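> If you read the protein sequences in the order shown, they are chains A and B. The numbering of the first sequence is numbering that gives the first Met the number 0, which starts it at 0 and goes up by one. The numbering of the second sequence is numbering that gives the first Met the number 0, which starts it at 0 and goes up by one. Just so it is clear, CB atoms sit at the ideal spot from N, CA and C, and this is done for glycine as well. From a predicted model like this one, the values you see are computed outputs, not experimental measurements. Below is a structure I'd like to ask you about.
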Amino acid sequence: MRDSLIRNNPSAVVTGVGLTPFSRNAGRSALELQGEAALQALDDAGIRARDVDTVIAGYATTVNHIMPGNLLAEYLGATPERAFGMNVGGATGLAMVAEAARLVWSGSADTVLVVGGENRASGQSRDAAIATLAQVGHATHEVALGANIPAYYALLASEYLHRYSLKREDLAPLAVQMREHARTHPGAQFHKSITVDDVLNAPLIAEPLGLLDCCPISDGSAAFVLSRRSEGTRSVEITGIGETNLHQHVSEADFSSVGARQSAEQALNQAGAVVTDIDIFGIYDSFTITLAILLEEIGIAQPGTAGGMARDGAFAATGKYPLNLHGGLLSYGHPGVAGGMAHMAELVIQIRGEAGSRQLVERPRRGFLHADGGVLSAHVSIVLDGGAYATPSTAEGLK
Amino acid sequence: MSELDDWTHGQRRLLGQRCDEGHAWYLPRPRCPRCGSAASPFEPIGTGTIFAQTTIHRRGDGGASSIGITLVDLDEGIRVMAQCAPGTSIGSRVVVSIVQDADTAQLFPYCEVIPA
Ligand SMILES: [Zn+2]
Chain A
0 MRDSLIRNNP SAVVTGVGLT PFSRNAGRSA LELQGEAALQ ALDDAGIRAR DVDTVIAGYA
60 TTVNHIMPGN LLAEYLGATP ERAFGMNVGG ATGLAMVAEA ARLVWSGSAD TVLVVGGENR
120 ASGQSRDAAI ATLAQVGHAT HEVALGANIP AYYALLASEY LHRYSLKRED LAPLAVQMRE
180 HARTHPGAQF HKSITVDDVL NAPLIAEPLG LLDCCPISDG SAAFVLSRRS EGTRSVEITG
240 IGETNLHQHV SEADFSSVGA RQSAEQALNQ AGAVVTDIDI FGIYDSFTIT LAILLEEIGI
300 AQPGTAGGMA RDGAFAATGK YPLNLHGGLL SYGHPGVAGG MAHMAELVIQ IRGEAGSRQL
360 VERPRRGFLH ADGGVLSAHV SIVLDGGAYA TPSTAEGLK
Chain B
0 MSELDDWTHG QRRLLGQRCD EGHAWYLPRP RCPRCGSAAS PFEPIGTGTI FAQTTIHRRG
60 DGGASSIGIT LVDLDEGIRV MAQCAPGTSI GSRVVVSIVQ DADTAQLFPY CEVIPA
């Protein structure tokens with residue numbers, strides 16, 4: 000809401016999108032992956048790397064570089080006024096976009112390149128990746144007990160199922176729906192259909208979560224160009240952002256209010272919208288329980304009903320709340336920072352009407368995005384608006 | 000002494016913190032996270048109720064193993080992560096104490112169900 004004071008003058012518009020396929024082994028380094036998505040986004044925006052005045056890069060666990068923005072800028076041939084990295088766990092992608100929007104709104108930046116990507120799956124051992132990620136837990140009071148990320152989310156899931164007298168099969172439809180979406184996306188890590196029984200019969204990782212309740216670890220990258228201009232039918236404006244940080248560790252979390260509601264309300268208020276005005280959703284789904292809790296706190300689902308709504312088709316392309324049509328983290332994949340950016344890439348592509356066989360029959364105008372980092376610790380919400388489409392395309396003039 | 004066994008300062012005791020305003024919390028801090036007043040340590044009795052629980056399953060070269068992890072709401076009003084027997088039910092009354100891992104010498108909280 001504080002941002003509303005400076006929003007719209009100038010506007011912040013997504014003018015370029017880049018997204019690589021996500022996979023178990025992309026055969027490329029983190030920097031190569033970042034470069035690939037960045038160049039896609041720059042080409043999509045019709046600009047060159049040296050046209051960018053700001054580069055923001057997300058952390059990469061396989062690189063751990065102290066200057067990720069500068070490293071990428073030099074690699075691309077960019078000479079920005081400012082370059083910096085960001086670390087907000089899974090919320091990093093949307094947090095970078097939020098910072099980019101603020102820089103544009105404030106007049107400090109004209110053209111911002113935002114990039115996340117790494118070879119998280121192939122660039123290190125599975126145990127090393129799990130150990131690195133476990134560090135969002137408290138080093139001495141949580142990690143030392145043998146806890147890890149699936150365990151932190153499993154604690155949330157155990158309490159959620161207990162509170163609403165639900166069972167594992169009440170979360171499973173969320174994983175089934177994400178896989179159904181991924182099936183037709185050539186870039187997704189998983190394409191084979193799954194059933195609720197498959198989810199229930201998968202090996203248990205941290206009860207009540209099984210393997211198919213958990214997103215994979217992937218290689219991949221995503222990038223956006225944000226610009227200070229708003230013409231053209233391919234332009235998608237950022238009209239609202241919200242952020243909330245109430246805790247870091249699951250031991251300190253208020254399970255009945257983790258911060259998603261405040262973050263979402265802030266973004267929707269700034270955009271002058273309510274949930275029912277939104278045509279398409281991209282919600283962070285690191286685990287089935289993550290998606291359930293976020294959908295319910297944001298107000299898309301009533302408490303305890305997210306899985307049931309998925310079972311009833313509410314999150315299908317034909318449902319009331321088309322959600323994560325690329326397959327989400329659960330099935331498109333999760334290379335860290337780029338994971339939460341893939342949701343945004345899908346929304347921008349859908350709002351532009353460029354999603355091909357996945358394109359919603361009725362082209363969506365408004366999109367809502369939400370990501371969390373840590374253990375539902377850091378929350379970022381973003382509202383996108385494609386405008387009324389009445390404006391003739393001036394795409395050529397923008398180049 | 001490694002960082003990992005430092006927090007108990009080598010003593011088998013559970014530690015919480017509280018302030019003069021009556022707020023209590025678990026993860027160590029220099030000031031009260033709610034009101035900002037001075038923090039002082041205290042030793043909880045250890046009795047509490049299981050708030051959340053998971054059993055982690057590991058399958059490695061050494062075969063399969065499982066450990067229970069729980070969040071326990073202690074009677075003094077602080078929430079503590081502890082190990083527990085796999086499958087311990089939410090709502091169980093437990094007592095948390097500090098135990099030592101035989102292999103690593105690591106001290107950590109472990110909770111046992113209080114027989115009804
Ligand atoms: Zn206090």
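#1: Along chain B, in chain order, which residues have C-beta atoms closer than 9 Å to that of E158 (chain A)?
#2: By the three-class DSSP mapping on this structure, what secondary structure does S330 (chain A) have?
#3: DSSP three-state label for A127 (chain A), please.
#4: How would you write the range of the alpha helix (DSSP H) that R351 (chain A) sits in, first residue to last?
#5: Where the beta carbon is closer than 6 Å to any heavy atom of ligand 1, which residues qualify, in chain order?
#6: Return helix, strand or coil for I292 (chain A), following the three-state DSSP convention.
#7: Report the three-state DSSP secondary structure of G242 (chain A) (helix, strand or coil).
#8: Closer than 8 Å, Cβ to Cβ, to anything on chain B: give me those residues from the stretch 231 to 251 of chain A, in chain order.
#9: Taking only beta-carbon positions, decide if R12 (chain B) is within less than 9 Å of chain A.
#10: Quick check on the DSSP output: the alpha helix (DSSP H) that includes P67 (chain A) runs from which residue to which?
#11: When DSSP labels each residue in this structure, what does H184 (chain A) get in the three-state scheme?
#12: What would DSSP say about G67 (chain B), mapped onto helix, strand or coil?
#13: In chain order, what are the residue ranges of uninterrupted beta strand (DSSP E) at least 3 long that sit wholly in the stretch 13 to 99 of chain B?
#14: Which residues bound the beta strand (DSSP E) around N118 (chain A)?
#15: Nearest chain A C-beta to R92 (chain B) closer than 9 Å, yes or no?
#16: Determine whether the Cβ of N147 (chain A) lies closer than 9 Å to any Cβ atom of chain B.
#17: From the beta carbon of P202 (chain A), is the nearest beta carbon of chain B less than 9 Å away?
#18: Is R27 (chain A) buried or exposed, if buried means 16 or more other CB atoms sit within 10 Å of its CB?
#19: In chain B, which residues lie less than 7 Å from A153 (chain A) when you measure between Cβ atoms?
#20: Closer than 7 Å by C-beta to C110 (chain B): which residues in its own chain qualify, once you throw out the five before and the five after it? Chain order, please.
#21: Have a look at the DSSP bridge pairing and note the partners of D218 (chain A).
#22: Give the interface partners of I66 (chain B) over in chain A, defined as CB-CB distance under 7 Å, in chain order.
#23: Just how far apart, CA to CA, sit P123 (chain B) and R12 (chain B)?
#24: Listed from N- to C-terminal order along the chain, which residues in the stretch 205 to 222 of chain A have their beta-carbon within a distance smaller than 7 Å of any beta-carbon of chain B?
#25: With a threshold of 8 Å, are at least 3 pairs of Cβ atoms found where one atom belongs to the stretch 221 to 236 of chain A and the other to the stretch 150 to 163 of chain A?
#26: For Y25 (chain B), which option in A:L155, A:A291, A:S250 and A:G338 has the closest C-alpha, if you only look at C-alpha atoms?
#27: Kindly list, in the order they appear in chain A, the residues whose Cβ is closer than 8 Å to that of Q82 (chain B).
#28: Could you tell me whether the stretch 169 to 185 of chain A touches the stretch 306 to 325 of chain A, where touching means 3 or more Cβ pairs closer than 8 Å?
#29: Chain A beta carbons: is any one of them nearer than 9 Å to that of L26 (chain B)?
#30: So, P302 (chain A) versus Y163 (chain A), is the Cβ gap smaller than 9 Å?
#31: For a contact defined as C-beta to C-beta under 8 Å, what are the partners of P56 (chain B) on chain A?
#32: For A205 (chain A), which residues in the same chain have their Cβ closer than 8 Å to its Cβ, ignoring the five residues on either side in sequence?
#33: What residues in its chain sit with their C-beta under 6 Å from that of A313 (chain A), if we drop five residues either side in the sequence?
#34: Where I279 (chain A) and P185 (chain A) are concerned, what is the direct C-alpha to C-alpha distance, given to the nearest angstrom?
#35: How about V336 (chain A) and G136 (chain A): do their beta carbons lie closer than 9 Å?
#36: DSSP puts E236 (chain A) in a beta bridge; with which residues?
In terms of the structure at hand:
#1: F50, A51, Q52, L70 and I89
#2: helix
#3: helix
#4: V336 to R351
#5: B:C18, B:E20, B:H22, B:C31, B:R33, B:C34 and B:S36
#6: helix
#7: Reading the sequence as shown, one finds Glu at residue 242 (chain A) and not Gly. Here E242 (chain A) sits in strand by DSSP.
#8: H248, V249, S250 and E251
#9: no
#10: P67 to L75
#11: coil
#12: strand
#13: 15 to 17, 39 to 41, 46 to 59, 62 to 73, 78 to 83 and 92 to 99
#14: T110 to N118
#15: no
#16: yes
#17: yes
#18: buried
#19: T53
#20: T69, V71, A81, C83, V93, V94 and V95
#21: A:S22 and A:N118
#22: G145
#23: The structure shown does not extend to residue 123 (chain B), since chain B is modelled only from 0 to 115, so the question has no answer here.
#24: A205 and E206
#25: no
#26: A:S250
#27: L144 and G145
#28: yes
#29: yes
#30: yes
#31: First, the residue type needs correcting, since residue 56 (chain B) is His and not Pro in the sequence shown. Neighbours of H56 (chain B) on chain A, chain order: P202, L203, I204, A205 and E206.
#32: N147, P149, A150, Y152 and A153
#33: K319 and Y320
#34: 20 Å
#35: no
#36: A:V12 and A:D384
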